[in-house]
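To start, the structure under review is shown below, and the notes come after it.
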Amino acid sequence: MDDPIARRDWLLAEIRRRGGVWTVRRVEGVMHASPWPTSKRNTARKDLRALAARGALTVRDDAETNRRSYTPKILNLRSAA
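If you want this note's numbering, it's the position in the sequence shown, counting the first as 1, plus 282.
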């Protein structure tokens, strides 16, 4: 039997797979095709904030538009040696 995946882990995997800039609206759209299709705007906002707090996303605040977006952090898989 497969282990169930947590919503935020699923979302982070999608963000890393698709890349680019992520907004609450973009997350809402992706969640419609997820195992959690009833997730709405507030859930998307909380998930993005939580993933940023976890250190998986970089927050970008645009002072002109007063909007926040997120981008996946680049994983450095190179060895230090």
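All C-beta atoms in this analysis are idealised placements derived from N, C-alpha and C, irrespective of residue type, glycine included.
- Within its own chain, the residues whose Cβ lies closer than 8 Å to the Cβ of L333, once the five positions on either side in sequence are excluded, are R290, L293, L294, I297, L339 and Y352, listed in chain order.
- Per DSSP, the unbroken alpha helix (DSSP H) holding T325 starts and ends at R323 to A335.
- Counting every other CB atom within 10 Å of its CB across the protein chains shown gives V303 a total below 16, marking it as exposed.
- In this structure, V309 places its C-beta atom within 8 Å of the C-beta atom of D329.
- Secondary structure in the segment 289-326: the alpha helix (DSSP H) runs of 4 residues or longer, each lying completely within the stretch, are 289-300 and 306-313 in chain order.
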